[in-house]
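> Mind looking over this structure? Questions follow.
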Amino acid sequence: MATALPAAAARRRRSVFVIWLLAVPVILLSIGPFLWLLKTSLVPESRIFVRPLEYLPSTVTLENFVMLFERMNFFGYFANSFIVAIGSTVLGLIISMSSSYAFARFRFRGRRFFMTLFLVIPMFPTVLILIPIYDIMRVTGLLNTYASLIVAYSSFTIPFAVWMMTGYFAALPVEMEEAARVDGCSRLGAFVRVLLPTAVPGISATALYIFIVSWNEYTFAAMLAQDEAVRTLPVALQFFITEFTVNWGLLAAGGVIVSLPVILLFVVLQRQLIAGLTAGAVK
Numbered sequence: 015m016a017t018a019l020p021a022a023a024a025r026r027r028r029s030v031f032v033i034w035l036l037a038v039p040v041i042l043l044s045i046g047p048f049l050w051l052l053k054t055s056l057v058p059e060s061r062i063f064v065r066p067l068e069y070l071p072s073t074v075t076l077e078n079f080v081m082l083f084e085r086m087n088f089f090g091y092f093a094n095s096f097i098v099a100i101g102s103t104v105l106g107l108i109i110s111m112s113s114s115y116a117f118a119r120f121r122f123r124g125r126r127f128f129m130t131l132f133l134v135i136p137m138f139p140t141v142l143i144l145i146p147i148y149d150i151m152r153v154t155g156l157l158n159t160y161a162s163l164i165v166a167y168s169s170f171t172i173p174f175a176v177w178m179m180t181g182y183f184a185a186l187p188v189e190m191e192e193a194a195r196v197d198g199c200s201r202l203g204a205f206v207r208v209l210l211p212t213a214v215p216g217i218s219a220t221a222l223y224i225f226i227v228s229w230n231e232y233t234f235a236a237m238l239a240q241d242e243a244v245r246t247l248p249v250a251l252q253f254f255i256t257e258f259t260v261n262w263g264l265l266a267a268g269g270v271i272v273s274l275p276v277i278l279l280f281v282v283l284q285r286q287l288i289a290g291l292t293a294g295a296v297k
């Protein structure tokens with residue numbers, strides 16, 4: 015027994031070593047691009063392409079961020095992106111929560127077909143629906159409005175959001191609703207007062223997914239919101255790329271700031287995100 019304990023401890027240490035040996039390269043590959051982006055944003059333009067490469071900047075400056083705010087209406091574009099992302103998230107959550115509840119609790123003809131369709135739709139490139147959506151927005155007079163982007167983003171985020179939420183609602187015990195209905199709640203009341211508070215991890219994961227897609231999207235924003243009044247950040251950053259040159263310092267500074275809201279959201283909601291992505295898979 016005395017010799018078994020050191021042997022078991024040695025096996026655990028080897029297992030931990032192997033796990034870290036595999037995890038460290040993955041972590042570096044994941045955060046490496048962002049760290050390089052951050053490094054590029056903090057060095058003068060003349061030091062970006064210096065040879066040999068500097069992995070740690072010898073000169074640190076905030077001039078790229080200062081010039082970024084001076085040369086463009088950054089806060090206006092930031093506000094536009096935020097409005098569109100929040101609007102898409104709210105609309106997507108309302109539709110996906112009600113739809114996924116119906117798929118999880120009711121059995122009806124075509125249910126399996128529509129669930130398969132919701133899973134297959136995100137596999138196609140969204141550019142396939144760009145022209146139809148542009149034509150719809152033109153006919154309805156929604157071009158160059160927040161509504162055009164919110165509707166467009168919802169059209170290709172809701173299918174996967176419904177798939178995510180359906181698995182989570184299906185994993186919640188139906189007895190919770192039955193108990194609430196015995197106490198006098200309607201089906202809608204049980205859904206709002208009992209299921210939704212319990213489904214916060216799944217809702218958080220879905221909201222984060224919709225927000226990230228809407229916040230980072232470029233193609234639809236460039237086509238549907240060409241007016242400067244509704245221009246989003248990803249579209250605004252393209253103006254640092256001209257025919258003959260690329261202003262890498264300003265582009266990197268803008269990329270860092272664009273990444274911050276998503277990083278902060280992930281840090282705040284990481285527990286709910288992990289719980290939401292895994293709980294729906296295990297019933």
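Using the working numbering, read the sequence shown as starting at 15 and increasing by one per residue.
Here a beta-carbon is modelled for each residue, glycine too, at the ideal position from N, C-alpha and C.
Three or more C-beta pairs under 8 Å: does that hold for the region 249-268 against the region 174-194?
Touching, no, given that fewer than three Cβ pairs across the two stretches are closer than 8 Å.
> For the region 144-158 against the region 216-224, do three or more pairs of beta-carbon atoms, one drawn from each stretch, fall closer than 8 Å, so that the two count as touching?
No, the region 144-158 is not in contact with the region 216-224.
> For VAL176, does the three-state DSSP call read helix, strand or coil?
In this structure, VAL176 counts as helix in the three-state DSSP scheme.
> What's the C-alpha gap between THR73 and MET137?
Their backbone Cα atoms lie some 44 Å apart in a straight line.
> Look at ILE109 and ILE172 and say whether their C-beta atoms are less than 7 Å apart.
Taking 7 Å as the Cβ cut-off, ILE109 and ILE172 qualify as a contacting pair.
> Take ALA295 and list the residues in its own chain whose beta-carbon comes closer than 6 Å to its own, dropping the five residues that flank it on each side.
Residue confidence is low: ALA295 scores 45 on pLDDT, short of 50, so the model does not pin down where it sits. Its coordinate-derived value is still stated next. Excluding residues within five positions, none has a Cβ falling inside 6 Å.
> Sorted by chain position, which residues of the same chain lie with C-beta nearer than 8 Å to VAL201's C-beta, five sequence neighbours on each side aside?
This sequence places Arg at residue 201; Val is not what is there. Only GLU191 and ARG195 meet the Cβ criterion.
> List the whole-angstrom C-beta distance separating SER95 from THR233, where the pair is believed to meet the contact cut-off of C-beta under 8 Å.
Actually they do not touch by this definition, with Cβ atoms about 15 Å apart.
> Ordered along the chain, which non-local residues of its own chain (more than five positions away) have a Cβ less than 7 Å from that of PRO58?
Here the set comprises THR73, THR75 and GLU77.
> State the Cα-Cα distance for the pair ASN87 and SER44, rounded to the nearest angstrom.
Cα-Cα distance, rounded: 31 Å.
> In terms of residue numbering, what span does the alpha helix (DSSP H) encompassing ASP149 cover?
Here the alpha helix (DSSP H) through ASP149 covers 144-154.
> Compare the C-alpha of VAL227 against each of ILE100, GLU68, VAL270 and PHE63 and name the closest.
The option with the nearest alpha carbon to VAL227 is ILE100.
> Could you tell me if ALA243 is buried or exposed, where buried requires 16 or more neighbouring beta carbons within 10 angstroms of its beta carbon?
Exposed, since its Cβ has fewer than 16 Cβ neighbours within 10 Å.
> Based on Cα-Cα distance, which residue from GLN252, ILE135 and TYR160 lies nearest to VAL272?
Residue GLN252 is the option with its Cα nearest to VAL272.
> Just confirm the distance between the C-beta atoms of THR103 and ILE224, as a whole number of angstroms; I'd bet it's less than 8 Å.
The pair is a contact, with the Cβ atoms about 5 Å apart (cut-off 8 Å).
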